[in-house]
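Comments concern the structure below.
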Amino acid sequence: MALRQALGRGLQLGRGLLLRWGPPRPLPAALPRLLPPPPARYRFFRESVSGLAGRLRRQLLLRGPRGARGLSLAFGLGLGLLEQGLEEQRQAASACRHIQTIFIRKNKPLKDPLSSFRWQGFKLEEYLIGQPIGKGCSAAVYEAAIPLSSNYQSSEDSKPLEGKSPDTQWDHGSVIQAAEAKPIQTNPQRAAFPLAIKMMWNISAGSSSEAILSTMRQELVPASGSALSGEYGAVACHRRPVFGKKKLEPHPNIIQVIRAFTSSVPLLPGAYVDYPDVLPLSLNPSGIGHSRTLFLVMKNYPCTLRQYLSERNSDAHLSTLMILQLLEGVDHLVRHGIAHRDLKSDNILVELDSAGCPWLVITDFGCCLADENIGLRLPFTSWYVDRGGNGCLMAPEVVTAIPGPGVLIDYSKADAWAVGAIAYEILGLCNPFYGQGRSSLESRSYQEDQLPALPDTVPFDVKRVVKMLLQRDPKKRLSARVAANVLHLSLWGENILVPKSLKLDKMTGWLLHQSAATLLMDGLVDRSRVETKMKTCFLANLEYEDLWEAAFLLLSWRNHSV
Ligand SMILES: Nc1ncnc2c1ncn2[C@@H]1O[C@H](COP(=O)(O)OP(=O)(O)OP(=O)(O)O)[C@@H](O)[C@H]1O
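The following block contains the structure:
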């Protein structure tokens, strides 16, 4: 029954796609009812996809002013591309736009763990806080739950925050010392604590809510629309831009902060061992922290990318999917005029989808550049200007910049460079910019030919993408979008990437086929699969020029390698 409903929904959405290209040619209304018994299901599914894609293509052909004849013209790469009539290109661009419109709506993150607690979670007292999960330079992160949540199971390790004195509340001895020492959490533990609370250390923001929110505003960039609407932080939603600067639309590969509020600093497990100096006077007579600070509530992820990679060897396909997800996340940021500036494997969280594929989300926006006025071009007028977090993974154009009047640092490809460096870790090697000794490179001074060779098991296209992401010159470097498109085409577009026969109509047909298949997969199999999400991202960001650039690059690399 679920299968039928899903197929019905996929076909309905496909119909929506058809409607956009002209007079509807209705699909047989009885199609979902014709669903054959299980053994034939997948053949039927394949045929449905082909049929739907064929219909989509025919509608597109019929719609153009010059009709099908126009599209039958050869559309090649290189010179051939230049000779094409504008009309054909316009049609392809229009097909991309229409596909994009449909998939943008579908490119939503999964339900957050507090979606059924609309009016809850805006006060620290509502949470049950468990053990520390990790800490960085500016915060400690704890597992958490709202006690009434349906999936909460009481745990001996946790006690409610309210009504306990700091001294009796926690077992200070059972503290996990550092993020990297923590093994990947087991499922029962995470089921008891579906949330993670990040408690910022406040040593310079004062104790008023406004000052805290303003000073720590970068942390709020990935906050959802309702995250700040609680009374406790005394911040109304309409004032959000003052604190959050740019509003970032949700994305499957970007963390969602689902609640954010200020509160008094409580004594949490491990505080005296892990961060005694940043505690307020009331908790530690020699502490320099303020009594109030910012709390951010997120989904609790099982591990960071660093932890995941230290415990598992991923095959080439999974590794490519991981790099692709980071590129999709970075592209989303660039589109919103935001640079993360602190990408590293500790700032990427991982969970597994239902097929066991790692799902990556970029987190920790504390160092990001997200300014309405300057966008991605930071005036670098003195050494006091903050250039971001992670010195080792600072792109060459950022790390070598010299301040002066009128100097601007362009961050539009800086995060893409960091993805290139992290790709080494994903592909099973050490990050070339982390190591010590002679084998380590510095982003300030390395030459591209010094980059370590990637193993033979890494697909050729992936090797080229990594190399092109690590180009010193941002003009020669791939943008996150084009790099992502190259990987998408490499992963699922193999049959259209035939030199000399790459034609416009073939590409458009392939896109329509992918659209129909993704719509059906989304409803039919499991929408929380990484592969389906990635295809949705690809189709939601479809730009004709970027796609051709990616196809052209791929073919030219392959031609040169022969
Ligand atoms: N939502 C989450 N789910 C699970 N673990 C998390 C989550 N958020 C953070 N962590 C863990 O806490 C650690 C520290 O978090 P985070 O990087 O946000 O802190 P930070 O102080 O801002 O770090 P940095 O030193 O990079 O500025 C992470 O490396 C990770 O191990």
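Residue numbers 1 to 562, in full-length UniProt numbering, belong to the letters of the sequence shown in order. Note that beta-carbon positions come from the ideal geometry of N, C-alpha and C, so glycine has one too. As the structure is a prediction and not an experimental result, all values here were calculated from the model.
- About 14 Å separates the CB atoms of A421 and E397; that is not less than 8 Å, and the two are not in contact.
- Taking 6 Å as the cut-off, one finds no heavy atom of ligand 1 near enough to the beta carbon of T532.
- When the Cα atoms are used, L408 and A145 turn out to be separated by approximately 44 Å.
- Within the same chain, I338, A339, R341, L376, L378, G388 and Y411 come within 8 Å of L369 by CB-CB distance, once the 5 residues on both sides are set aside.
- Residue range A480 to W492 is occupied by the alpha helix (DSSP H) that includes W492, with no beta strand (DSSP E) assigned at that position.
- DSSP lists I362 as the beta-bridge partner residues of I254.
- Taking each of E328, V482 and A550 in turn and checking the Cα distance to H251, the smallest one comes out for E328.
- By the neighbour-count criterion, in which a residue is buried when 16 or more other Cβ atoms sit within 10 angstroms of its Cβ, D505 is buried.
- As DSSP reads the structure, L195 sits in a beta bridge with A144 and K299.
- Residue side-chain check: C137 places its Cβ nearer than 6 Å to a non-hydrogen atom of ligand 1.
- In its chain, beyond the 5 residues on either side, I203, D277 and V278 have a beta carbon closer than 8 Å to the beta carbon of I288.
- Of the candidates P132, V330, D346 and V265, the residue whose Cα lies closest to the Cα of S209 is V265.
- Looking at the DSSP output, M200 bridges to A139.
- Its Cα nearest to that of P147, the residue E126 stands out among P132, A140 and E126.
- In the structure shown, Q471 falls within a coil segment according to DSSP collapsed to helix, strand and coil.
- Relative to ligand 1, the nearest heavy atom lies less than 6 Å away from the CB of A196.
- Apart from sequence neighbours up to five positions away, the residues of its chain that approach G404 with a beta-carbon distance below 8 Å are F380 and T381, ordered along the chain.
- For V462, same chain residues with a beta-carbon under 6 Å away, outside a window of 5 residues either side, are T320 in chain order.
- Counted as a single uninterrupted DSSP element, the alpha helix (DSSP H) harbouring T536 occupies residues V530 to A540.
- For the set L213, F193 and A191, the Cα lying nearest the Cα of M200 is the one of L213.
- Sorting F460, Y544, T508 and L470 by C-alpha distance to the C-alpha of S556 places F460 at the top.
- Leaving aside the five residues that flank A205 on each side, the residues in its chain whose CB is nearer than 7 Å to its CB run, in chain order, A211, I212, T215, M216 and H290.
- In terms of side-chain proximity, the C-beta atom of I133 is found nearer than 6 Å to a non-hydrogen atom of ligand 1.
- By the CB criterion at 7 Å, A418 and A480 fall outside the cutoff.
- The alpha carbon of I426 has as its nearest neighbour, out of Y308, S207 and K476, the alpha carbon of Y308.
- Beyond the five residues adjoining it in sequence on each side, A196 comes within less than 8 Å, by CB distance, of I133, V141, Y142, E143, A144, V297, M298, K299, N300 and Y301 in the same chain, given in chain order.
- Distance check between C303 and each of E351, P285 and L267 places E351 closest, using alpha-carbon atoms only.
- The straight-line gap separating the alpha-carbon atoms of W510 and N495 is approximately 9 Å.
- Boundaries around P396 are those of the alpha helix (DSSP H), P396 to V399, since no beta strand (DSSP E) includes it.
- Where A355 is concerned, there is no enclosing beta strand (DSSP E), because DSSP gives it neither an H nor an E.
- Proximity of the beta carbon of M216 to ligand 1 is not indicated: no heavy atom of the ligand is located closer than 6 Å.
- Looking only at A227, E448, P222 and R259, the smallest Cα-Cα distance to G366 is reached by P222.
- Put simply, of S207, L294, P269 and L343 the residue whose alpha carbon is nearest the alpha carbon of L305 is L343.
- Taking non-hydrogen atoms of ligand 1 into account, the C-beta of D364 is found less than 6 Å away from one of them.
- Per DSSP, V385 has no beta-bridge partner at all.
- Contact check between the stretch 353-363 and the stretch 527-545: three or more CB pairs, one atom from each, fall below 8 Å, which counts as touching.
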